[in-house]
Amino acid sequence: MTVTITVNGADHALDIDPATPLLYVLRDDLELNGAKYGCGLGQCGACTVHIDGKPAFSCLTPVGAVAGRRIRTVEGLGSADAPGLLQQAFEKEQAAQCGYCIAGMLMRAQALLDRNPDPDEAQIRAHMQTNLCRCGTHMRILRAIRRAVAMRKGVQSAQDVRP
Amino acid sequence: MSPVLPSLSRRGFLTGGALVVSFALAPRAFAQLAGGGEGGAGPTVVAPDLKGSLKSTPWLDAWIRIDADGRVTVFTGKVELGQGIRTALTQVAAEELDIPPAAITLVTADTERTPDEGLTAGSHSMQDSGTAIQNAAANVRMLLAAEAARGWGLPADQVTTGGDGRLHAPDGRSLPYGEVAARLSLHVQAVPDAPLRRPSDYRTLGRELPRIDIPAKLTGGAAYLHDMRLPGMLHARVVRGPSVGTSLQSPDLDAVARMPGVVKIVRQGGFLAVVAERQWTAIQALRHLQRAAYARTQSPLPADGTGDAVAATLKALPARDIPIMDTGEPAGPAIRTVKARYTRPWISHGSIGPSCAIAQYVDGTMTVWTHSQGTFDVHRVVAELLGLPPERVHAIHAEGAGCYGQNGADDVAADAAVIAKAVPGHPIRLQWMREQEFGWEPLGPGMMTELEAALGADNRIVSWRHAVWSNPHNNRPVGAGGVLAGNEADPPFPAPEGKPIPMPEGDGSRNSNPLYSFANTHVVYHFLKDMPVRVSALRSLGAHLNVFSIESMLDELAAGAGIDPLAIRLDHMRDERARDVMQAAADRFGWSKRPKGDGRRGCGMAFARYKNLGAYCAVAMEVEVDRETGRTLVRRAVAAVDCGQPANPDGVRNQIEGGLVQSLSWTGREAVRFAADRRASFDWSSYPILRFGDVPGSVEVVVMDRPGAPFLGTAEAAQGPSAAALANAIADATGVRLRDMPLSPERLKAALGPV
Chain Y
17 MTVTITVNGA DHALDIDPAT PLLYVLRDDL ELNGAKYGCG LGQCGACTVH
67 IDGKPAFSCL TPVGAVAGRR IRTVEGLGSA DAPGLLQQAF EKEQAAQCGY
117 CIAGMLMRAQ ALLDRNPDPD EAQIRAHMQT NLCRCGTHMR ILRAIRRAVA
167 MRKGVQSAQD VRP
Chain P
493 MSPVLPSLSR RGFLTGGALV VSFALAPRAF AQLAGGGEGG AGPTVVAPDL
543 KGSLKSTPWL DAWIRIDADG RVTVFTGKVE LGQGIRTALT QVAAEELDIP
593 PAAITLVTAD TERTPDEGLT AGSHSMQDSG TAIQNAAANV RMLLAAEAAR
643 GWGLPADQVT TGGDGRLHAP DGRSLPYGEV AARLSLHVQA VPDAPLRRPS
693 DYRTLGRELP RIDIPAKLTG GAAYLHDMRL PGMLHARVVR GPSVGTSLQS
743 PDLDAVARMP GVVKIVRQGG FLAVVAERQW TAIQALRHLQ RAAYARTQSP
793 LPADGTGDAV AATLKALPAR DIPIMDTGEP AGPAIRTVKA RYTRPWISHG
843 SIGPSCAIAQ YVDGTMTVWT HSQGTFDVHR VVAELLGLPP ERVHAIHAEG
893 AGCYGQNGAD DVAADAAVIA KAVPGHPIRL QWMREQEFGW EPLGPGMMTE
943 LEAALGADNR IVSWRHAVWS NPHNNRPVGA GGVLAGNEAD PPFPAPEGKP
993 IPMPEGDGSR NSNPLYSFAN THVVYHFLKD MPVRVSALRS LGAHLNVFSI
1043 ESMLDELAAG AGIDPLAIRL DHMRDERARD VMQAAADRFG WSKRPKGDGR
1093 RGCGMAFARY KNLGAYCAVA MEVEVDRETG RTLVRRAVAA VDCGQPANPD
1143 GVRNQIEGGL VQSLSWTGRE AVRFAADRRA SFDWSSYPIL RFGDVPGSVE
1193 VVVMDRPGAP FLGTAEAAQG PSAAALANAI ADATGVRLRD MPLSPERLKA
1243 ALGPV
């Protein structure tokens, strides 16, 4: 059947089994690399995207359930040539090792900043609890989120906001 | 543009690309400890006077090509694993060629394009490849200067470089590298004494160049093998029982064959896979087939549990005793003796991305894209497995999720090749499912040590005994028997017998030989070749438990005698660089002013030089223990590291920070669970790892400045010291010494007793 989904502002009509998880539609049909397969169980967050502004596990979300809803992926935050603010903050902090989790981290963190532009450290840590990193990049990811908060406030150095 | 797939079109992928450069590959044999002694068939040493991997591949054009238009291509046999080696090697090449790093395209392991440098393992990439590229580039710069000087009629030492890719004469004349290179052949062997640039002149080395691979990873660029989409590509899933040593009984193939979109079922001997047009179809077919009953086909798994259970399993295995160290010096009588056993359970690599590979069989040639640490070993494995001549197999590295040792990468590459051979023409993309990665990857081996150490009257250690029990950590596949698909073939390729890695690198014995000067040191490795669990290399190998044991024992001795943990270490350490990193970590931590253990809070430190050959690393940390739950939080951690000349200090910090946090996860909470007939850890709820709520309050890394000093591997240096610092801090905080990993809340709470 045909399912129409809206991803990063563009509509896509797909002839597809509506039970297909959104993750595979994004990756295989729309050729978007950001969302990653990590567990298929909603336990690691590597597949995180936004659905109507809220973070969601695309590996658990049937594409038929998101017809007509706004889907945003890391590609919607910016590009390598024109990175978004949070992506700039991650770049500044070099907040990646293997980076496989990072697109999910960005989308998870962006959802927090969209809701609360000035979260405190405890709020950031609690919010990021759903997402796993195996390289141990956590400290840099936290710094990058704090840097993004500071950048938004116009403070250029994340040094000033380190706890 | 993707950093992993630089300037190669899809067609370039299929044909091998236009950039292929021909050069003489060194004959291979079983000699050098490339990649830290892991794997098997390392490249032959043909030029022992040269440095790093130039020993096995001495020709300059194997490493560096300069086109007439000035573009520079650098070739390495090492691969990006998220450790930042792509950036670090680019910086090394840029520095010694004296050109901007942006002028360089770096090509990583590819069996038709790059030197074979063995595995990307053992923290050897900077020593092997960094050193080779550094010296090759110095040779090339020397040849360019000599050629320019010849053309200008000047003495060679009059020609200089200025970091801009041009050669300069004192009178202002200059020529671009490309023009001069066009007059030269770089198919010459390196000389050992090409002058290196002076550290005081460095423009690129030692600078914090942003990682080349990070922008694509932040923006959904094509950064991983997983992101490759080739024309005509089909999706496969391999079908196996729940974990190693099981097989499915009568999976319902007929129903799956009728599923729309299923292209083929590949069944050869015990190997089974399904191929479909769409990934979701392949997964649904797999799920249907997995409904079949399974049976255990191998010897029993260890009893579930940690501590005593690990010890009982290991002690029941036949051991071959390998002496590691035996020293005897006159020393005073023992005043205080401590004896202790330390254990580590089996640990999963736990890569966030399950292993993936793409293979394509066209006109009798198999091409495999792999994120294995051993691209050249994948080549050998696939050739033997499929009975193809070596020249008919082409293995190309493409980046995967972080691996931290031998995970499913090698197996999935072989799986994909078997499937691709059965479906000629189509690229086959195979990704393992989460439970397959947990169930079938080789685990980090369970281990045990027994230590007995004695202090004399003057607080000197008068005897030190260390025994370690371990399976082999190096079961890297070097032939078809090393991969699951080989074991499942008909007739099967038998799994080879595991062998120890000899010292000084060692495997289970790694870092069992203390760097400290202890009188009367006796170290023995009880090597256990029979493996009840499929195991292989996990980041730092035996060093994780050996350093944990040594550094815990030092604190046990110190605590009993009222000696400061830093003092007992410095009192027994003669190596100045080791003393410096310990002091640097202590100073930055504020060790002398640290809060004293008060039942809840406490501090601990630990040190090791990885393999006694690699980077020096000291870690200090402050913990806070919740006595009601046993939960331990690291309030702050400080590490100091000496890795010789750091190619990129921020890259070093990233590795040490990451290693420290990963080690806290391993040491503090991880253990693979076993049911009677299968592994019982199959997802992130049955194998929980550290999440944001439990990471340290802060981690700070001090990188020692060692201008021009030889590169020492960094990537694994933090694992052992971080583990021991955690145990030591918990002991300082609570008075409870935990010797069995994981140092979990349950274990600590039980040891603390009622509140």
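Just so you know, the protein sequences line up as chains Y and P, in that order.
Residues in the first sequence are numbered consecutively from 17, following this note's numbering.
Residues in the second sequence are numbered consecutively from 493, following this note's numbering.
Where a beta carbon is used, it is the ideal one built from N, C-alpha and C, also for glycine.
- Among the residues of chain Y, those whose CB is under 7 Å from the CB of V1191/P are M155, following chain order.
- Taken through DSSP and simplified to helix, strand or coil, W956/P comes out as strand.
- Within chain P, T711, G712 have C-beta atoms less than 7 Å from the C-beta of V90/Y, given in sequence order.
- Put simply, the CB of A142/Y is near chain P, with a gap under 9 Å to one of its CB atoms.
- Under the Cβ criterion (8 Å, minimum of three pairs), the segment 1059–1072 of chain P does not count as touching the segment 972–985 of chain P.
- Counting the other Cβ atoms within 10 Å of the Cβ of N132/Y gives fewer than 16, which makes it exposed.
- The segment 945–965 of chain P and the segment 911–922 of chain P do not touch, with fewer than 3 CB-CB distances between them shorter than 8 Å.
- Taking 9 Å as the CB threshold, P71/Y stays off the interface with chain P.
- Take the alpha-carbon of V730/P and the one of S1173/P: they are about 19 Å apart.
- Only exposed fits R665/P, as fewer than 16 other CB atoms lie within 10 angstroms of its CB.
- Secondary structure at L48/Y: coil, using DSSP grouped into helix, strand and coil.
- In the three-state reduction of the DSSP assignment, D1118/P falls in the strand class.
- Using a CB distance cut-off of 9 Å, K169/Y does not count as an interface residue toward chain P.
- Around the C-beta of M1023/P, 16 or more other C-beta atoms lie within 10 Å, and the residue is accordingly described as buried.
- In the three-state reduction of the DSSP assignment, R159/Y falls in the helix class, which pools H, G and I.
- Comparing C-alpha distances from Q575/P to each of S1178/P, P992/P, E1208/P shows the shortest one belongs to E1208/P.
- Contact between L1125/P and V1111/P does not hold, since their C-beta atoms are separated by about 16 Å, which reaches or exceeds 8 Å.
- Between Q1211/P and H1036/P, the beta carbon gap of about 5 Å places them in contact (Cβ cut-off 8 Å).
- Cβ atoms of A1029/P and G897/P come within 8 Å of each other, at about 4 Å.
- Cβ-Cβ distances below 6 Å link I1148/P to A1131, V1133, V1193, A1210 in the same chain, with the five nearest sequence neighbours on each side left out; the list follows chain order.
- In the structure shown, Y40/Y falls within a helical segment according to DSSP collapsed to helix, strand and coil.
- The continuous stretches of beta strand (DSSP E) do not include K543/P, and DSSP gives it neither H nor E.
- Cβ-Cβ separation between L717/P and A890/P: approximately 4 Å, consistent with a contact (criterion under 8 Å).
- In chain P, no part has a C-beta under 9 Å from the C-beta of R86/Y; the shortest such distance is about 17 Å.
- Check the Cα spacing between Q865/P and each of V538/P, E530/P, P825/P, G1082/P: the tightest is with E530/P.
- Interface with chain Y (9 Å Cβ-Cβ cutoff): Y1102/P is excluded.
- In the assembly as shown, V1247/P is an exposed residue. Its beta-carbon has fewer than 16 other beta-carbons within 10 Å.
- The C-beta of G879/P has fewer than 16 other C-beta atoms within 10 Å across all chains shown, which makes the residue exposed.
- Taking a Cβ-Cβ threshold of 7 Å, the residues of chain Y close to A893/P are C114, Y116, in chain order.
- Legend: CB atoms of the segment 913–934 of chain P lying less than 8 Å from CB atoms of chain Y belong to residues Q923, M925, R926.
- Contact annotation for S74/Y against chain P: no contact, minimum CB-CB distance about 13 Å [criterion: below 9 Å].
- Here A98/Y is exposed: its Cβ has fewer than 16 other Cβ atoms, across all protein chains shown, within 10 Å.
- DSSP, reduced to helix, strand and coil, places H679/P outside both helices and strands of the structure shown, so it counts as coil.
- Counting only Cβ-Cβ distances below 8 Å, P707/P has contacts in chain Y at A96, P99, E107, in chain order.
- Nearest CB-CB separation between Q1154/P and chain Y: below the 9 Å threshold.
- For F1184/P, the nearest CB of chain Y lies under 9 Å from its own CB, placing it at the interface with that chain.
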